[in-house]
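What follows is a short report on a single structure.
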Amino acid sequence: MTVRSLICAALLASAPLAQASTPHPITLKLLDEGVLVVGTLKLARADELLGVWSSAGRARLMRCEPRCKVVQSLPVPGTLALGPDARARVVLGGTFKVGQRVGLVLRLKNSQILSVQATVTR
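The sequence shown begins at 1 in the working numbering and counts up by one.
Next comes the structure, spelled out in C-alpha cells:
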C-alpha cells in the first residue's frame with residue numbers, strides 16, 4: 001500500500017460515514033494535468049467541505065466568484081454543485097485515463113466523511 005492509500009484508509013476508519021446522496025453520479029472531467037470533479041453533492045443538513053482526497057493525493061478546493069481562488073473549505077448549504085460552470089470547483093492533479101474509476105474521500109466539518117466512486121470522462 002502507498003502512503004496515500006494508507007491516509008485514505010485511516011480517514012475512512014476514523015469517522016462515521018456522512019448521510020449524503022448524489023442525484024447524478026459524480027464524474028471526473030479530464031483536464032491537461034488532472035481532473036475536475038463534476039456533479040452535485042446533497043447533504044441532509046448544512047455543512048462545510050474541508051477536503052477531498054484520492055489515491056492521487058489531495059484535491060484543491062476552489063471558489064470561483066468571479067475568478068477562481070484556492071480556499072481551505074467550501075460551504076455546503078445542503079446542496080453543492082461542482083463543475084466547470086459552478087462557483088465551487090474541486091481539482092485533482094495527476095495523470096488519469098478516460099474510463100478510469102477513482103475513489104474519492106470527502107471530509108466534512110462535522111467530522112464525517114463521504115466515500116464516492118467517480119469515472120473519468122472527457
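For every residue, glycine included, the Cβ atom is placed at its ideal position computed from N, Cα and C.
Take residue i as the anchor and find which of the options has the nearest alpha-carbon.
i	options	result
residue 53	93, 98, 100	93
residue 105	117, 97, 35	117
residue 70	62, 26, 30	62
residue 68	75, 55, 77, 85	85
Under 6 Å Cβ to Cβ from residue i, same chain only, skipping five residues before and after it: list those, please.
i	result
residue 100	120
residue 75	48
What residues in its chain sit with their C-beta under 8 Å from that of residue i, if we drop five residues either side in the sequence?
i	result
residue 57	4, 92, 93, 94
DSSP has residue i in a bridge; who is on the other side?
i	result
residue 128	Any question about residue 128 goes unanswered here, given that the chain covers just 1 to 122.
residue 118	102
residue 75	48
residue 111	Bridge partners of residue 111: none, in fact.
First and last residue of the beta strand (DSSP E) that includes residue i?
i	result
residue 94	Residue 94 -> no beta strand (DSSP E), and no H or E assigned at all.
residue 63	60-64
So, are the CB atoms of residue i and residue j less than 7 Å apart?
i	j	result
residue 109	residue 79	no
residue 45	residue 64	no
residue 48	residue 73	yes
residue 98	residue 122	yes
residue 123	residue 37	Nothing about residue 123 can be read from this structure; the chain reaches only from 1 to 122.
Excluding the 5 residues preceding and the 5 following residue i in the sequence, name in chain order all residues of the same chain whose CB lies nearer than 7 Å to its CB.
i	result
residue 27	38, 39, 118, 119, 121
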